[in-house]
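Structure first, commentary second.
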Amino acid sequence: FFIFIFGFTTQLNHLPRYAEDLGYDPVTSARLLTVFGIANALGRALLPQFGDLFGGEYLRVLIFTFATNGIAIASLVACGSFISLNIVAGVCGFMAGGRTALL
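Reading the sequence shown from the start, the letters are residues 14 to 116 in the working numbering.
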C-alpha cells in the first residue's frame with residue numbers, strides 16, 4: 014500500500030517542479046496539474062466502463078492502469094517539450110482516475 018501511495022503522490026507533487034527544472038515558469042508548470050485533474054476526471058468516468066465492456070474483467074483493466082502509469086513515469090526522463098510533459102500528465106491523470114474508480 015505504501016508503494017502504491019508513494020507512486021501516486023510522487024508524480025502529482027513533483028511534476029510541476031520537474032517542469033520548472035526544465036526551464037518553464039511556475040505558472041506554466043502549474044498547468045500540468047490542470048491537465049492531470051481533467052484527465053483524472055475522465056479516467057474515473059471511462060475506465061470502469063472498459064471493465065464492463067470486457068465482461069467484468071476489472072482486474073485486467075486495473076493491471077493495465079498500473080502498467081501504463083509506470084510506463085508514463087519511466088518516459089518522463091525523455092520529455093523535453095511542454096507538450097510531452099502534458100501528455101505524461103494526461104496519461105498519469107487518466108490512469109489514476111480509472112485506478113481510483115476500479116479500486
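Glycine included, C-beta positions come from ideal geometry on N, C-alpha and C.
Can you list, in chain order, the residues of its chain whose CB lies under 8 Å from that of Leu115, leaving out five sequence neighbours each side?
Leu60, Pro61, Gly64, Tyr71, Val74, Leu75, Thr78
Quick one: any contact between the stretch 97-111 and the stretch 43-53, if contact means 3 or more CB pairs under 8 Å?
yes
What number of angstroms, rounded off, separates the C-alpha of Pro29 from the C-alpha of Gly69?
36 Å
Put Cys92 into one of helix, strand or coil per three-state DSSP.
coil
Helix, strand or coil at Asp13 according to DSSP, with G and I counted as helix
This structure cannot speak to residue 13, because the chain is shown only from 14 to 116.
Alpha helix (DSSP H) containing Gly68: first to last residue?
No alpha helix (DSSP H) contains Gly68, which DSSP labels as neither H nor E.
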